[in-house]
Amino acid sequence: MSATVVDLKIGQKGIIREFADDVLPIKLLELGCLPGNEIEIVQIAPFKDPVYINVNGSHIAIRRSIARLIFLDIIEDEKLP
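The sequence shown begins at 1249 in the numbering used here and counts up by one.
In C-alpha cells form, the structure reads like this:
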C-alpha cells in the first residue's frame, strides 16, 4: 500500500519510495531519509506538527509539510488478522 508519512499512525512502519519534490532538506538526506530505507512513526506532536520518525536508529522531528512530500510503501503488521 502506498502513502505519505502523514498517513501513518504511531508505531507504523514504511519503506521510503520517493519524494514528491526535489527540495527536501539536505539534512534529512544526510540522516538517512533515502529511498529504500525503513522509517517508523515514533510520535505525533499535539496539533499534529511536527511528526517524529525513526530512521536508521535516529529520531528526527520533521514538519508535517515536509512529511507530505515523502512517499512510502506501508509495511503491513503481520500480527493483525
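Beta carbons: idealized from backbone N, C-alpha and C, even for Gly.
Excluding sequence positions up to five away, which residues of its chain have a Cβ less than 6 Å from the Cβ of Q1291?
Y1300
Could you give the distance in angstroms between the alpha-carbon of D1270 and the alpha-carbon of I1323?
C-alpha separation (whole angstroms): 24 Å.
Identify the residues that DSSP records as bridge partners of A1251: which are they?
L1320
According to DSSP, simplified to helix, strand and coil, what is A1309?
strand
Simplified DSSP assignment, three categories, for L1328:
Unreliable placement is indicated for L1328, whose pLDDT of 49 sits below 50; the coordinate value is still reported in the next sentence. Here L1328 sits in coil by DSSP.
Leaving out five residues before and five after S1306 in sequence, what residues of the same chain have Cβ atoms less than 6 Å from its Cβ?
L1279
Beta-carbon proximity of L1276 to I1310, cut-off 9 Å
yes
Can you check the stretch 1259-1311 for any beta strand (DSSP E) of at least 3 residues that lies completely inside it and give the ranges in chain order?
1261-1267, 1286-1292, 1299-1303 and 1306-1310
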